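FYI, the numbering for the sequence shown is 1 to 660, going by full-length UniProt numbering. The beta carbon of each residue, even a glycine, is placed where N, CA and C say it ideally should be. Quick caveat: nothing in here was measured; it's all calculated off a predicted structure.
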Amino acid sequence: MDIDDIFKRPPLPKSTVGTKRKHEAPSLDPESYKSVRLDTPSGPAPTAGADKGKAKAKGVTVQDGSDEEDEGGAGAQEGEFAPNGDADYFAEEDEDGRFFGGGLNTVQKEVLSIMEGSGNDEQLPGEDLTPQSVRKQLLNLEKAVNKNRDLRTRFPSDPEKFVDSEFNLLEAIRAVFLFSTAPALAYPLMLENSTPNTFADLLSHENMDVPIAVVEVLEELLDPEDLEEVDEDEEDGDGAVEKKRTAMKALLDGLVEAGVVDLVVAQLQRVNEEDEGERNGLFHTLGLIENLISLSPALASPFLSPKSPFLSFLVNRLSQTSKPVEYDQNHFYAAEMFALVLSLPAEVVQGVNEARQRVGSEGWVEILLKVLSTYRKRDPVGSEEEEYMENVFDALCSCLSSPTLPPSNPSDPPVHAVKAAFLADEGIELLVLMLKAKNMSRNRAIKTLDHALQGREGAPLCERFVEALGLKTLFAAFMGRSDDKKKKKAALATTHEDIEHILAILSSLFTSLPSDSPPRMRLLAKFVENDYEKIDRLLEIREELETRIAKGVDPILAQEMDEDELYLEKLDNGLFALQLADYVTAWVCMEDDGARDHVLMLLSRRDKSLRNVIAVLNEYADNIGEGDRPEDAGEDAVPTEGEERKAILAGLARYLESIE
1 MDIDDIFKRP PLPKSTVGTK RKHEAPSLDP ESYKSVRLDT PSGPAPTAGA
51 DKGKAKAKGV TVQDGSDEED EGGAGAQEGE FAPNGDADYF AEEDEDGRFF
101 GGGLNTVQKE VLSIMEGSGN DEQLPGEDLT PQSVRKQLLN LEKAVNKNRD
151 LRTRFPSDPE KFVDSEFNLL EAIRAVFLFS TAPALAYPLM LENSTPNTFA
201 DLLSHENMDV PIAVVEVLEE LLDPEDLEEV DEDEEDGDGA VEKKRTAMKA
251 LLDGLVEAGV VDLVVAQLQR VNEEDEGERN GLFHTLGLIE NLISLSPALA
301 SPFLSPKSPF LSFLVNRLSQ TSKPVEYDQN HFYAAEMFAL VLSLPAEVVQ
351 GVNEARQRVG SEGWVEILLK VLSTYRKRDP VGSEEEEYME NVFDALCSCL
401 SSPTLPPSNP SDPPVHAVKA AFLADEGIEL LVLMLKAKNM SRNRAIKTLD
451 HALQGREGAP LCERFVEALG LKTLFAAFMG RSDDKKKKKA ALATTHEDIE
501 HILAILSSLF TSLPSDSPPR MRLLAKFVEN DYEKIDRLLE IREELETRIA
551 KGVDPILAQE MDEDELYLEK LDNGLFALQL ADYVTAWVCM EDDGARDHVL
601 MLLSRRDKSL RNVIAVLNEY ADNIGEGDRP EDAGEDAVPT EGEERKAILA
651 GLARYLESIE
């Protein structure tokens, strides 16, 4: 006898309470609903064999009968008039005596009654929760756990002996769903009754239906969006929210202490997605992990450890593309979770930078690039696949922008594992092809190039970018051109964000490409060709940014702000893009005399001068951090990237002052 067949049950439907999930759970098989029966409000739930003795209702047929039969002849007396004795024709007949009976059985009429009464001011489930009812539910849960454990111990090889106790256990677990409607009342009582320890034990249950039910309940109990919901009849709204927050935090601490968090992650390796219920359970497991991280980001630290299977599971799951359609929700959700955990702030979550570098050292960069290569020739289908593509790009950007970690061996030079893998796996070439293809992935490719070329570790990638003929496609986007005018889509429009990333790419190229090298000469040639049209566009962008900043910062409010507040306000309105534009302008002036004269001419037409550029560069330099220098670093130590950028800005400003 197959134990799995005995415990096969339809998976729990997704909770009706609002959730922040961006994707719907995988759709359930309609066949699984055929066995569901509604429990009557006043009586116990029907058992599996309660209706064995009842005759099946006959299908409805239409026959031509004689007048005698219509008047109550023998034909009307044979068999039931309506299923389950539903012969309430005295109440339902109209004035002409038609429509005898409703044609509905008891269950159908009960459903209809519930639907018709849904708008009435009836008491909803969970509104009558009291300390006594909560304790009773928790006691029922403990009894169900103990009974099931006892029967499984006594009859380990005879599932029929404990199958009923397993069903009762699942019902007792699902009853805890209602506690999410009253966290301030129920959660302290759950801690008082050691419910977190009970859940920890159930997460290791042999029947996967039980851990999945626990996960779904915990996902509902720990939904962060419920914290902001306040009932209209609660006068003290802020106080109610604070009570909910305190109760949820206490429950979360209790679950962490009981080891529930680690057990939830371990469930990922137990799930068999060939089973529909377990596939749905995986979706809820990821949802629970997201709730945990949202409530306490520091809880992600164990997930990011090399000993945890979490990251490797997500990478493998998001890269699976040969699954049928019903698998796609978990496919998309894995990418969302991967991007989420890698974007967590390193100041709050320990091990984030190490996890990002693991993406390079574990060979996961190649997997991510293979996933993204799908969108070189085609656009994602639907909003969910578009979000999936963006999540993979975001995860890659988080890893590319992470700082270089010190080597384990002090004698070895520091290596940025992600950028090294990105270069070796031809990531630059893929992004250049995306720029040429001009599909929806183009904008994300520009952003990823910005992160890839930054810093000292990005110098080899800058040279590879020029060698891969990336300048032509980059400047086409910079100029706002499209080679395929018939296929000009709104998604291909160069946005303000794209312009900022393009300026950052040009800034990295000027910083990293060696002087008088062929790649640098090719870069300068782009600004000189076609009568300095690139410089015309650069000064046009500069003027647009100045106007945008002037409109975005209220001069009256600016007088009341201190220096730091005013600087942050200007950053919000495009100051960083202006700083990058002037950084590139200064380099162009220094590298080519003809370009310098053209810049001076364009500035004078706008009643501007190089002094305006110098002022922006000086403000940029004043607000750059010098970076973390090792305590044992001597005077001859290599300067940090912040110190190096400040020195470059100072040199550019001095040069511009000399020609002003």
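Query, Result
"DSSP state of residue 623 mapped onto helix, strand, coil", "coil"
"Which listed residue (436, 330 and 351) has its alpha carbon closest to that of residue 303", "351"
"Spatial distance of residue 173 from residue 555 (CA atoms)", "60 Å"
"Neighbourhood of residue 645 by C-beta, 7 Å cutoff - its chain only, sequence neighbours within 5 removed", "624"
"Neighbourhood of residue 373 by C-beta distance below 8 Å, restricted to the same chain and skipping five residues each side", "430"
"Coil, strand or helix - residue 269 by DSSP", "helix"
"contact_flag[the stretch 492-506, the stretch 574-585] where n(CB pairs < 8 Å) is 3 or more", "yes"
"Own chain, CB closer than 7 Å to residue 305, minus 5 neighbours either side, in chain order", "351"
"Beta carbon of residue 535 nearer than 8 Å to that of residue 466", "no"
"Neighbour-count burial assignment, residue 360, 16 or more Cβ in a 10 Å radius", "buried"
"Presumed contact (8 Å Cβ cut-off) between residue 471 and residue 522, rounded CB distance", "6 Å"
"Exposed unless 16 or more other CB atoms sit within 10 angstroms - verdict on residue 287", "buried"
"Three-pair Cβ contact test at 8 Å for the stretch 374-390 versus the stretch 448-455", "no"
"Nearest to residue 531 (by Cα), restricted to the options 559, 464 and 602", "602"
"Reduced DSSP secondary structure (H/G/I, E/B, other) of residue 661", "Since the first and last residues shown for the chain are 1 and 660, residue 661 lies out of range."
"Contacting residues, own chain, Cβ-Cβ under 6 Å from residue 137 (five flanking each side not counted)", "175"
"7 Å Cβ shell around residue 155 - same chain, five flanking residues per side excluded", "161 and 162"
"Residue 354 beta carbon less than 8 Å from that of residue 405", "yes"
"Proximity below 8 Å, CB of residue 580 to CB of residue 517", "no"
"Short Cβ contact (8 Å threshold) for residue 510 with residue 587", "yes"
"Buried or exposed by the 16-neighbour rule on C-beta atoms within 10 Å, applied to residue 609", "exposed"
"Cβ-Cβ separation, residue 395 to residue 742 (assumed contact under 8 Å), whole Å", "Examination of residue 742 is not possible in this model, given that the chain is present from 1 through 660 alone."
"Selected residue, minimal CA-CA separation from residue 368, among 152, 383 and 334", "334"
"Proximity test, residue 367 beta-carbon vs the ligand PLP heavy atom, cut-off 7 Å", "Only the bare structure without any ligand can be found here, which leaves the ligand PLP out of the picture."
"Test item: CB-CB of residue 283 and residue 221 under 8 Å", "no"
"Residue 538 versus residue 227: straight-line alpha-carbon distance, rounded", "48 Å"
"Beta-carbon proximity check, residue 145 vs residue 177, cutoff 8 Å", "no"
"Contact with chain B by residue 313, beta-carbon distance below 8 Å", "Absent from the structure: chain B. Only one protein chain is present."
"Test item: CB-CB of residue 267 and residue 315 under 8 Å", "no"
"Reduced DSSP secondary structure (H/G/I, E/B, other) of residue 93", "Only weak support exists for where residue 93 lies, its pLDDT of 47 falling under 50; the coordinates are left without a value."
"Option nearest residue 682 by Cα separation, candidates 262, 432 and 364", "The requested residue 682 is not part of the displayed model; the chain covers only 1 to 660."
"Euclidean distance between Cα positions of residue 300 and residue 606", "52 Å"
"Chain-order list of residues whose beta-carbon lies under 8 Å from that of residue 614 (same chain, five-residue window excluded)", "653, 656, 657 and 660"
"Backbone secondary structure at residue 426 - three-state DSSP", "coil"
"Same chain, Cβ closer than 6 Å to residue 285, neighbours up to 5 away in sequence not counted", "215 and 267"
"Residue 573 - DSSP class collapsed to helix/strand/coil", "coil"
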